[in-house]
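K.L.:
Below is the structure I would like to discuss, written out as C-alpha cells.
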Amino acid sequence: MSSLLPVLALRLSAAAGAAFGTPYAELDPELRAATKPEFGHFQTSLALRLAKSLGLPPRVIADRLVAAAELDDLCSLSIAGPGFVNLTVHPHALAEAVNSLPGQLPARGERVVVDYSQPNVAKQMHVGHLRSTVIGDALCNVLAYVGYEVVRQNHVGDWGTQFGMMVEQVLFEQLEVESLDIEGLQQLYQRGRKHFDTEPAFADRSRARVVLLQSGDAETLAIWAQMVEVSLVEFDRLYAVLGSPLTRADVVGESAYNDDLPVIVDELAAAGLLTESEGAQCAFLPGFVGRDGAPLPVIVRKSDGGFGYSATDLAAVRHRVSDLHADRIIYVVDHRQGLHFQQIFALARSAGWLPDSVPAEHVAFGTVLGPDGKPFKTRDGGTVRLAALLADAVARSSALLAGRDDDLSETERLAIAQAVGIGAVKYADLASDRINDYVFDLDRMVAMSGNTGPYLQYAHARLTRLLEKAGEAPGVVTELTEPAEQRLALLLTGFGDTVVQVASSLQPHKLCTYLYEVASALSAFYENCPVLTSAGEQRSSRLALCAATRTVLHDGLGLLGITAPDSM
RNA sequence: GCGCCCGUAGCUCAGCUGGAUAGAGCGUCGGACUUCUAAUCCGUUGGUCGCAGGUUCGAAUCCUGCCGGGCGCGCCA
Numbered sequence: 095m096s097s098l099l100p101v102l103a104l105r106l107s108a109a110a111g112a113a114f115g116t117p118y119a120e121l122d123p124e125l126r127a128a129t130k131p132e133f134g135h136f137q138t139s140l141a142l143r144l145a146k147s148l149g150l151p152p153r154v155i156a157d158r159l160v161a162a163a164e165l166d167d168l169c170s171l172s173i174a175g176p177g178f179v180n181l182t183v184h185p186h187a188l189a190e191a192v193n194s195l196p197g198q199l200p201a202r203g204e205r206v207v208v209d210y211s212q213p214n215v216a217k218q219m220h221v222g223h224l225r226s227t228v229i230g231d232a233l234c235n236v237l238a239y240v241g242y243e244v245v246r247q248n249h250v251g252d253w254g255t256q257f258g259m260m261v262e263q264v265l266f267e268q269l270e271v272e273s274l275d276i277e278g279l280q281q282l283y284q285r286g287r288k289h290f291d292t293e294p295a296f297a298d299r300s301r302a303r304v305v306l307l308q309s310g311d312a313e314t315l316a317i318w319a320q321m322v323e324v325s326l327v328e329f330d331r332l333y334a335v336l337g338s339p340l341t342r343a344d345v346v347g348e349s350a351y352n353d354d355l356p357v358i359v360d361e362l363a364a365a366g367l368l369t370e371s372e373g374a375q376c377a378f379l380p381g382f383v384g385r386d387g388a389p390l391p392v393i394v395r396k397s398d399g400g401f402g403y404s405a406t407d408l409a410a411v412r413h414r415v416s417d418l419h420a421d422r423i424i425y426v427v428d429h430r431q432g433l434h435f436q437q438i439f440a441l442a443r444s445a446g447w448l449p450d451s452v453p454a455e456h457v458a459f460g461t462v463l464g465p466d467g468k469p470f471k472t473r474d475g476g477t478v479r480l481a482a483l484l485a486d487a488v489a490r491s492s493a494l495l496a497g498r499d500d501d502l503s504e505t506e507r508l509a510i511a512q513a514v515g516i517g518a519v520k521y522a523d524l525a526s527d528r529i530n531d532y533v534f535d536l537d538r539m540v541a542m543s544g545n546t547g548p549y550l551q552y553a554h555a556r557l558t559r560l561l562e563k564a565g566e567a568p569g570v571v572t573e574l575t576e577p578a579e580q581r582l583a584l585l586l587t588g589f590g591d592t593v594v595q596v597a598s599s600l601q602p603h604k605l606c607t608y609l610y611e612v613a614s615a616l617s618a619f620y621e622n623c624p625v626l627t628s629a630g631e632q633r634s635s636r637l638a639l640c641a642a643t644r645t646v647l648h649d650g651l652g653l654l655g656i657t658a659p660d661s662m
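The first sequence lines up with residues 95 to 662 when you count with my numbering.
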C-alpha cells in the first residue's frame, strides 16, 4: 500500500456494493482531493449521484455508505453538506503511505514509439523544435516510468527537393562541405534558392540532381551525407545543451524511408485506395472535405512522379508497427498539422498498416510567441535560433547567480547557471497546457517565485542542504501532527497517480502543477515546522518527510527533463 | 464556406471524466531576515468563468447557437 487514493476508492466501492447490492460495487466513487481543509483529505459525491437511482435522500445514502465502509484502519468518515462523504486519513496511515512511496512501475510489456524533435538538415533549430524536444523528452520519461518500453524516433528532415538544389549549388561553388557549419549550410541554401529562382538552367540541373539523389548516385549522396553530418553535429550539440537524451541512434530521417515509398504506393493501389486526380495519386477518405465541400485528398505521389510527405509519414507508421512492433504511437508535432495526422492515421488504418489495437496520437502543441503576441521572430523577421535563446537564458540565470555571495567555484557556478537557465526555459514550456500558445518571456521564466522551474529547483536545493546539515540519515515518518506536515505528506502520496495520469493524457503540465503544489506545501511546512531544531522522534520523522519530499521533487523534475542542483 | 483549437482576476495561467462560498502566481499595498539558503515566506487587493439558451438536485465543466481570436483546408513538412 503506497498510493492511498486507489485503495480508498476500492474500499468505498465495496461499501456501496455491501449497502445497496452487488452492481453498486462496480461504481467508481470518484474520490477527489478535498476542496477545503475542513473537509478532510478526500471527498466523494457518490451519495448525491445515487440519490435518483436509489430513490433515497442523499444523506440517508451517505449514512448507509459510511456504516458499510470498512475503512477504520485508514481513515475516518464524516458526512457533510447535501451528502458529501469526507475522508480524513489517519496520521499513521499517511505516514505509512509516505514511507512506501512507489518508484518506477514494473515493465508492462508494451512498446511505445515517440516521434519528436524533428529538426531539419541545413537549418538552425528554432523555438518550434524546442517545444517538440522538451515535451517529447518529458513524455518519454513519463511513459518509461509507468512501465512502457520507449522507442524514440527523431524524424529528421533530411530529404526532399531542396537537397537537389543544395548539392547543385555546392558543385557550382566547388565547396568543401566539411568546411561549413550549420549557419554556412543555411546560407548555402539561401544562395541556392536565389540561384534556382533566377537561372532556369540551374533550376533544371537541380531537378535532375534530385533524381540522382533519390536513385542513389554516389557523388550526390556523398555531398548530401556531408550536409547531414554537419547538421547532426549541431543537433547533438544542442541536445547536449538541453540535456536531451536524444542521440544519433534515435535519428530515423525521412531519407530512411526512400526505398519504401514505391511499396507504399503499390500497396495502397493494390488495396484500391488510390485515385488519380490532376495527375497525382491520391487517397480520398470519407469524412475529409476541403474548401467548397470538395473531397480532400492525401497526395502520396505528386504529378511530377515524386513522392509527397504523406508517403513518407505512411512509411513511417508502417515501419513502426511492423518492424518496431509499437503498441502505441505518439507524434509530438505542432497543432497546425492536426488535419494531416488525422488523414495519415485514417489512411494507415484503411491500408491495414495501423491496427485498431494500436492507438496513434498526435500530441499537438501551440506556438511560441514573441513579446508582441505574434509568432516569435527576431527584429528583422528572421527565425530565432534555439542556440541563441538558450545562451540568453543561461546568461540570465548566471547574472542572477553572480549577485549572490556564496563560496561556489567558477565551475560549480557555471553548472548551476546552466541547470537553472535551461530548466527555466523547459519548465515554462511544460507548465501550461501544451495546446496553448505561450509568450517567450525570459524574465518570467527565471523568476524565483511562482510556478517556475527555478522555484522548484530552489525548494529541492534547500531540502538538500537541510538534510546535509542534519547529521543523520533520514529514517521513516512516524508522526504527522501539524496540518502543514499532513498536507505535505498527503500530496507526496499522489505522485504516482499524477505520473500515471500524465502517461495517459500526455499533458506534462499536470505534473508541473502537482510539483508546484508540493513545493508550496513544503514552504508552509517549512514555516510552521522546525526540523533541525526539533528533537527526538519528531526530528527524525520530519527529516524523513523532507527526504521523501526531496525525492519527489528530484524525480518529478527529472521526469520533466530538468536537472535539480543540490545547491543554488 | 468547412474543420480543429482557444476565450476564467489588471497580466500569465490552473481547474473543465459536472459536485460544497471559482483557485494560484505576477502586479498593488502591508508585514517577516544574528536564514533549516529572504532566489523564501505571511497577509491584502482583485472575477457578469466571452454571450444566450438547454440538460441536471447541481454547470467554468456536458449539449446547441452566436460573438471574438489563432490555425488549417491538393502536389511545402
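We put the CB at the ideal spot given by N, CA and C, even for glycine.
Check whether the Cβ atoms of residue 623 and residue 557 lie closer than 7 Å to each other.
P.N.:
Stepping through the first sequence from its first residue, residue 623 is reached at position 529. Stepping through the first sequence from its first residue, residue 557 is reached at position 463. Their beta carbons are not under 7 Å apart, which means residue 623 does not touch residue 557 by this criterion.
K.L.:
Would you tell me roughly how many angstroms separate the C-alpha atoms of residue 486 and residue 196, rounded to the nearest one?
P.N.:
Counting from one through the first sequence, the residue named residue 486 turns up at place 392. Counting from one through the first sequence, the residue named residue 196 turns up at place 102. Cα-Cα distance, rounded: 38 Å.
K.L.:
So who's on the other strand from residue 246, going by DSSP bridges?
P.N.:
As a first step, residue 246 is located in the first sequence; it is residue number 152 there, counting from the start. Looking at the DSSP assignment, residue 246 forms a beta bridge with 208.
K.L.:
Taking the straight line between their C-alpha atoms, what separation do you get for residue 611 and residue 407?
P.N.:
Looking up residue 611 in the first sequence gives position 517. Looking up residue 407 in the first sequence gives position 313. If you take the alpha carbons of residue 611 and residue 407, they lie about 40 Å apart.
K.L.:
I believe residue 524 touches residue 603 by the beta-carbon criterion, under 8 Å. Please report the beta-carbon distance rounded to the nearest angstrom.
P.N.:
On the first sequence, position 430 is the one that residue 524 refers to. On the first sequence, position 509 is the one that residue 603 refers to. That belief holds up - the Cβ atoms of residue 524 and residue 603 are roughly 6 Å apart, short of 8 Å.
K.L.:
Starting from residue 376, trace the beta strand (DSSP E) both ways and give me its first and last residue.
P.N.:
Indexing the first sequence from 1 puts residue 376 at position 282. Residues 374-383.
K.L.:
State buried or exposed for residue 95, treating a residue as buried only when at least 16 other CB atoms are found within 10 Å of its CB.
P.N.:
Here residue 95 is taken as the residue at index 1 of the first sequence, counted from 1. Legend: pLDDT at residue 95 = 39, less than 50; position of this residue unreliable, value from coordinates given subsequently. The residue in question, residue 95, is exposed, as its Cβ has fewer than 16 Cβ neighbours within 10 Å.
K.L.:
Should residue 574 and residue 580 be called a contact, given that it needs their Cβ atoms to be closer than 7 Å?
P.N.:
Sequence index remark: in the first sequence, residue 574 carries index 480 (1-based). Sequence index remark: in the first sequence, residue 580 carries index 486 (1-based). Contact: yes.
K.L.:
Residues in the same chain with beta-carbon distance under 6 Å from residue 304, minus the five sequence neighbours each way, listed in chain order, please.
P.N.:
Sequence index remark: in the first sequence, residue 304 carries index 210 (1-based). If we look at residue 304 and ignore the five residues flanking it on each side, its Cβ neighbours are 255, 258.
K.L.:
If we require 4 or more residues per run, which alpha helix (DSSP H) segments fall completely within the segment 513-554?
P.N.:
Here the runs fully enclosed are 536-539.
K.L.:
Could you name the residues of the same chain whose beta carbon sits closer than 7 Å to that of residue 494, not counting the 5 residues immediately before and after it, in chain order?
P.N.:
The count along the first sequence starts at 1 and reaches residue 494 at position 400. Answer for residue 494: 540, listed in chain order.
K.L.:
If distances are taken between C-alpha atoms only, which option among 427, 212, 231 comes closest to residue 253?
P.N.:
Here residue 253 is taken as the residue at index 159 of the first sequence, counted from 1. When each option's Cα is compared against that of residue 253, the closest is 212.
K.L.:
What's the call for residue 113, buried or exposed, on a 16-neighbour Cβ count within 10 Å?
P.N.:
Numbered from 1 along the first sequence, position 19 holds the residue referred to as residue 113. Residue 113 is buried by the Cβ-count criterion.
K.L.:
Per DSSP, residue 319 is paired with what?
P.N.:
Here residue 319 is taken as the residue at index 225 of the first sequence, counted from 1. Answer by DSSP bridge pairing: none, since residue 319 is not bridged.
K.L.:
Quick check for students: name the residue ranges of the alpha helix (DSSP H) that lie wholly in the segment 108-159, counting only runs of 4 or more.
P.N.:
The segment 108-159 contains these whole alpha helix (DSSP H) runs: 140-148.
K.L.:
Spell out a yes or no on whether the segment 346-363 and the segment 258-278 are touching, meaning 3 or more CB-CB pairs, one atom from each, closer than 8 Å.
P.N.:
Counting Cβ pairs under 8 Å, fewer than three are found: no touch.
K.L.:
I'd like the span of the beta strand (DSSP E) that includes residue 169, first residue to last.
P.N.:
The sequence position of residue 169 within the first sequence is 75, counting from 1. From DSSP, the beta strand (DSSP E) with residue 169 extends over 169-174.
K.L.:
Whole-angstrom Cβ separation of residue 344 and residue 205, contact assumed at under 8 Å?
P.N.:
Indexing the first sequence from 1 puts residue 344 at position 250. Indexing the first sequence from 1 puts residue 205 at position 111. That pair is no contact at about 14 Å.
K.L.:
Take residue 657 and list the residues in its own chain whose beta-carbon comes closer than 7 Å to its own, dropping the five residues that flank it on each side.
P.N.:
Sequence index remark: in the first sequence, residue 657 carries index 563 (1-based). For residue 657, where only same-chain residues beyond five positions count, the Cβ hits under 7 Å are 337, 513, 517.
K.L.:
For residue 240, which of 369, 594, 221 has the nearest alpha-carbon?
P.N.:
The count along the first sequence starts at 1 and reaches residue 240 at position 146. Considering only alpha carbons, the answer is 594.
K.L.:
Three or more beta-carbon pairs under 8 Å between the segment 643-662 and the segment 546-565, yes or no?
P.N.:
Yes, they touch.
K.L.:
Would you say the segment 265-283 touches the segment 230-248, given that touching needs at least three Cβ pairs under 8 Å?
P.N.:
Taking 8 Å as the limit for Cβ pairs, the verdict is that the segment 230-248 does not touch the segment 265-283.
K.L.:
Closer than 8 Å is the cut-off here; do at least three beta carbon pairs connect the segment 315-331 with the segment 371-380?
P.N.:
No, the segment 315-331 does not touch the segment 371-380.
K.L.:
Here's a check: name, in chain order, each residue in its chain whose Cβ is nearer than 8 Å to the Cβ of residue 463, leaving out the five neighbours to either side.
P.N.:
In the first sequence, residue 463 corresponds to position 369, counting from 1. The residues are 469, 470, 531, 532, 533, 534.
K.L.:
Taking only runs of the alpha helix (DSSP H) that begin and end inside the segment 223-273, which ones reach a length of at least 4 residues, in chain order?
P.N.:
With a minimum length of 4 residues, the continuous alpha helix (DSSP H) runs that stay inside the segment 223-273 are 255-267.
K.L.:
Kindly indicate which three-state DSSP category residue 324 falls into: helix, strand or coil?
P.N.:
Along the first sequence, one-based indexing puts residue 324 at 230. In the structure shown, residue 324 sits in a helix (DSSP, three-state: H, G or I).
K.L.:
Looking at residue 511 and residue 188, is the spacing between their C-beta atoms short of 7 Å?
P.N.:
Stepping through the first sequence from its first residue, residue 188 is reached at position 94. Stepping through the first sequence from its first residue, residue 511 is reached at position 417. The answer is no: Cβ separation not under 7 Å.
K.L.:
Answer yes or no: do residue 171 and residue 154 have a C-beta to C-beta separation smaller than 7 Å?
P.N.:
In the first sequence, the residue the question calls residue 171 occupies position 77. In the first sequence, the residue the question calls residue 154 occupies position 60. Cβ distance not < 7 Å, so residue 171 and residue 154 don't count as in contact.
K.L.:
Per the contact definition of three or more C-beta pairs closer than 8 Å, is the segment 126-135 in contact with the segment 177-193?
P.N.:
Touching, per the Cβ criterion.
K.L.:
Under a three-way DSSP split, which group does residue 371 fall into?
P.N.:
Within the first sequence, the letter at position 277 stands for residue 371. If DSSP states are grouped into helix, strand and coil, residue 371 belongs with the strands.
K.L.:
Would DSSP call residue 428 helix, strand or coil?
P.N.:
One-based indexing of the first sequence puts residue 428 at position 334. Looking at residue 428 - three-state DSSP - the assignment turns out to be strand.
K.L.:
For the segment 381-392 and the segment 227-237, state whether three or more C-beta atom pairs, one from each stretch, are separated by less than 8 Å.
P.N.:
Verdict: no, contact absent.
K.L.:
Between which two residues does the beta strand (DSSP E) containing residue 178 stretch?
P.N.:
The sequence position of residue 178 within the first sequence is 84, counting from 1. Residue 178 -> beta strand (DSSP E) spans 178-183.
K.L.:
Are the Cβ atoms of residue 638 and residue 571 separated by less than 7 Å?
P.N.:
Residue numbering aside, residue 638 sits at position 544 when the first sequence is read from its first letter. Residue numbering aside, residue 571 sits at position 477 when the first sequence is read from its first letter. Yes, the pair counts as a contact, with Cβ atoms nearer than the cut-off.
K.L.:
Can you say whether residue 163 is buried or exposed, counting buried as having 16 or more other CB atoms within 10 angstroms of its CB?
P.N.:
Residue 163 sits at position 69 when you count from the first residue of the first sequence. Result: buried.
K.L.:
Going along the chain, which residues of its own chain have a beta-carbon closer than 7 Å to the beta-carbon of residue 733, five neighbours each way excluded?
P.N.:
In this structure the chain extends from 95 to 662, so residue 733 is not present and cannot be described.
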